[in-house]
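Residue numbers (the working numbering), protein chains in the order written: chain A, 158 to 269; chain B, 34 to 147.
Quick reminder that beta carbons are idealized off the backbone N, C-alpha and C, glycines included.
Just below is one structure, and these are the notes that go with it.
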């Protein structure tokens with residue numbers, strides 16, 4: 158089965174700094190990776206995804222990096238803002254598209 | 034922008050009672066999911082549903098759980114006889130296409146079993 162782990166439970170950054178949230182996974186056959194943001198009392202909100210045929214993908218202020226060699230995924234947020242404060246989950250899709258396996262979450266706290 | 038909606042937002046029930054959690058997936062989506070999140074823990078997969086059938090289910094999804102798409106818009110999760118440990122946030126999700134497509138989540142129903 159797939160297991161997904163987070164390196165740090167809480168990350169505190171200064172407003173305007175860049176944030177990096179990390180995630181490790183165990184199944185080298187994993188093919189689809191997603192980052193979700195969850196604000197208090199809300200459902201997971203899609204941020205960005207990446208497939209295993211890529212090692213980097215950029216969105217608006219966010220970048221996902223995939224290192225398949227060490228089975229590591231990271232989310233980089235540029236110029237972190239107070240509105241970025243949330244819990245961030247990495248998730249991995251099974252190759253059949255039937256389920257997502259979520260990591261434990263990292264709480265990002267942005268200090269003004 | 035289309036969203037997944039869920040009702041109710043909160044539900045309190047007595048142990049042993051049946052509850053039905055309701056979801057309206059995004060209208061042109063074909064694949065539907067339920068997940069749960071116990072307070073302070075990670076999101077856990079319960080079940081996936083496509084073409085009026087369960088595609089996959091986890092160990093959590095035992096005989097007390099069932100899902101149904103009673104009409105063209107609703108997708109429900111029923112817990113027949115709730116237990117204290119069923120207390121959690123329950124999230125519905127949907128996606129349009131088959132494999133490796135983004136799942137979009139609803140806001141969740143907070144279930145509290147007393």
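Measure the beta-carbon distance from residue i to residue j and round it to whole angstroms, keeping in mind my assumption that it falls under 8 Å.
i	j	result
residue 258 of chain A	residue 168 of chain A	So it is not a contact: roughly 22 Å between Cβ atoms.
residue 138 of chain B	residue 37 of chain B	6 Å
residue 140 of chain B	residue 228 of chain A	Wrong, their Cβ atoms sit about 32 Å apart, outside the cutoff.
residue 265 of chain A	residue 242 of chain A	6 Å
residue 223 of chain A	residue 212 of chain A	5 Å
residue 79 of chain B	residue 64 of chain B	So it is not a contact: roughly 14 Å between Cβ atoms.
residue 182 of chain A	residue 234 of chain A	Their Cβ separation, rounded to whole angstroms, is 20 Å, which puts residue 182 of chain A and residue 234 of chain A out of contact at 8 Å.
residue 109 of chain B	residue 55 of chain B	5 Å
residue 226 of chain A	residue 170 of chain A	Actually they do not touch by this definition, with Cβ atoms about 27 Å apart.
Given that residue i touches chain A, what residues does it touch there, using C-beta distances under 7 Å?
i	result
residue 81 of chain B	255, 256
Between the options, which has its C-alpha nearest residue i's C-alpha?
i	options	result
residue 92 of chain B	B:104, B:73, B:81, B:135	B:81
residue 96 of chain B	B:113, B:83, B:68	B:113
residue 126 of chain B	B:146, B:136, B:117	B:136
residue 111 of chain B	B:49, B:34, B:35	B:49
residue 128 of chain B	B:116, B:72, B:58, B:107	B:58
residue 117 of chain B	B:145, B:103, B:68, B:109	B:145
residue 34 of chain B	B:60, B:142, B:45	B:60
residue 122 of chain B	A:204, A:197, A:215	A:197
For residue i, count neighbouring Cβ atoms within 10 angstroms of its own Cβ and tell me buried if that reaches 16, exposed if not.
i	result
residue 217 of chain A	exposed
residue 221 of chain A	buried
residue 72 of chain B	exposed
residue 253 of chain A	exposed
residue 270 of chain A	It is not possible to answer for residue 270 of chain A, since the shown part of chain A is limited to 158 through 269.
residue 147 of chain B	exposed
In chain B, which residues lie less than 8 Å from residue i when you measure between Cβ atoms?
i	result
residue 262 of chain A	75
residue 206 of chain A	135
residue 239 of chain A	None at all; the shortest Cβ gap to chain B is about 21 Å.
Show which residues of chain A have a CB atom less than 9 Å away from the CB atom of residue i.
i	result
residue 89 of chain B	251, 253, 255, 256
residue 105 of chain B	Near residue 105 of chain B there are no residues of chain A at all, since even the closest Cβ is about 22 Å away, more than 9 Å.
residue 94 of chain B	By Cβ distance, chain A contributes nothing, its closest Cβ being about 11 Å from residue 94 of chain B, past 9 Å.
Residues of chain A with CB closer than 8 Å to the CB of residue i, please, in chain order.
i	result
residue 98 of chain B	By Cβ distance, chain A contributes nothing, its closest Cβ being about 15 Å from residue 98 of chain B, past 8 Å.
At 9 Å on the CB atoms, spell out the chain B contacts of residue i, in chain order.
i	result
residue 166 of chain A	Here the premise fails: no neighbours, minimum Cβ distance about 10 Å.
Q) Of the residues that make up the region 111 to 139 of chain B, which ones have a beta carbon closer than 9 Å to any beta carbon in chain A? A) 122, 124, 125, 126, 128, 130, 131, 132, 133, 134, 135, 136, 137, 138, 139
Q) Name the residues in the region 62 to 76 of chain B whose C-beta lies less than 8 Å from a C-beta of chain A; which are they? A) 64, 66, 68, 74, 75, 76
Q: Check each residue of the region 188 to 199 of chain A: if its Cβ is closer than 9 Å to any Cβ of chain B, include it; give the result in chain order.
A: 188, 189, 191, 193, 195, 198, 199
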